[in-house]
Amino acid sequence: MTTTTADVQIPLPDRAFEIWDEVTQAWTRIPGRYNVEIGHSIADLRIAVPLQLPEQD
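Numbers 6 to 62, taken from the numbering used here, label the letters of the sequence shown in order.
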């Protein structure tokens, strides 16, 4: 069996890291550590890439 690897870039929109804030009635990005998980389905995740979102200015 041959294994092939490749570097890829997948752009993620800002909204992927935002939640709706009921108090401010606006989308808010929460800084912190996240895992971006990739797989065929939620039951078959193959990769987890850590991502650190800094505080917004």
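Note that the Cβ used here is the ideal one computed from N, Cα and C, for glycine as well.
The three-state reading of DSSP puts Ala31 in strand, counting E and B together. Assigned with DSSP and collapsed to three states, Ala48 falls in coil, not helix or strand. Here the segment 34 to 43 lies against the segment 14 to 23, with 3 or more beta-carbon pairs under 8 Å apart. Taking the Cα of Pro55 as reference, the smallest distance to any Cα among Ile43, Tyr39 and Asp62 is reached at Tyr39.
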